[in-house]
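Chemist:
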Amino acid sequence: MGVVCGELPLTQKDLNIHFVFYERLLHDFQVQLHSLLTNLKIPLSEKQQQEIADAVTFSSMKHKSPKHLNKGRSGKWVTQLDQNQKDLAIEKAGKLMEWLNYPLHSSEADKLPALPATLPKEDLLGITSALSGCELYR
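First residue of the sequence shown: 73, per our numbering; consecutive thereafter.
1) Sort out for me which residues DSSP pairs Pro188 with in a bridge.
2) So, at 8 angstroms on beta carbons, what are the nonlocal neighbours of Pro115 in its own chain, with the 5 sequence-adjacent residues on each side left out?
3) Reducing DSSP to helix, strand and coil, say where Thr129 ends up.
4) Could you tell me if Ser178 is buried or exposed, where buried requires 16 or more neighbouring beta carbons within 10 angstroms of its beta carbon?
5) What residue from Val103, Pro138, Lys183 has the CA that sits closest to Ile124's CA?
6) If you follow the alpha helix (DSSP H) that Tyr94 is part of, which residue opens it and which one closes it?
7) Can you say whether Pro175 is buried or exposed, counting buried as having 16 or more other CB atoms within 10 angstroms of its CB?
8) Using the Cα positions of Leu172 and Phe93, report the straight-line distance between them to the nearest angstrom.
9) According to the neighbour-count rule (16 or more other Cβ atoms, all chains shown, within 10 Å of its Cβ), is Ser132 buried or exposed?
10) Heavy atom of the ligand FMN less than 8 angstroms from the Cβ of Pro188, yes or no?
11) Quick check on Leu137: buried or exposed, where buried means 16 or more other Cβ atoms within 10 Å of its Cβ?
12) In the DSSP assignment, the alpha helix (DSSP H) including Glu163 goes from what residue to what residue?
13) Taking only the alpha-carbon atoms, compute the straight-line gap between Lys164 and Asn111 and give it to the nearest angstrom.
Here it is as structure tokens:
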């Protein structure tokens with residue numbers, strides 16, 4: 073039974089959604105893969121899981137498609153964006169970034185994103201309504 077109205081907190085289980093954060097894949101791929109497989113109810117042996125891990129390394133993918141990939145790292149925004157761009161990102165998506173535990177300042181660049189334990193519906197609606205496509209590009 074899902075929550076469809078009111079201000080009751082929603083949980084990831086209520087939503088039947090599994091969230092995967094790129095930064096967490098980089099940080100601990102095996103844990104994230106195991107969590108995803110468990111959520112999808114896909115039984116794979118340790119050997120099969122290791123084969124997946126080996127196949128998705130940067131060097132393996134770069135070898136297969138040399139012109140397609142750049143080195144995957146999190147936190148590039150610290151050096152790639154100028155201060156005006158960083159300020160604009162915080163203005164447009166800061167509430168969502170904060171809610172998902174993304175770093176908002178270069179001093180927090182090593183912080184890993186995560187879902188909050190519960191998702192208060194009113195907070196979620198407020199954050200997502202502020203992220204309409206029209207608003208993002210104004």
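The C-beta atom is built at its ideal place from N, Cα and C for all residues, glycine as well.
Keep in mind that this is a model prediction, so the values were computed, not measured.
Modeler: From the atom records:
1) Per DSSP, none; premise fails for Pro188.
2) Leu109
3) coil
4) exposed
5) Val103
6) 94-99
7) buried
8) 10 angstroms
9) exposed
10) The ligand FMN is not among the ligands present in this structure, which contains no ligands whatsoever.
11) Looking at the sequence shown, residue 137 is not Leu but Ser. Looking at its Cβ environment, which holds fewer than 16 other Cβ atoms inside 10 Å, Ser137 is exposed.
12) 155-171
13) 32 angstroms
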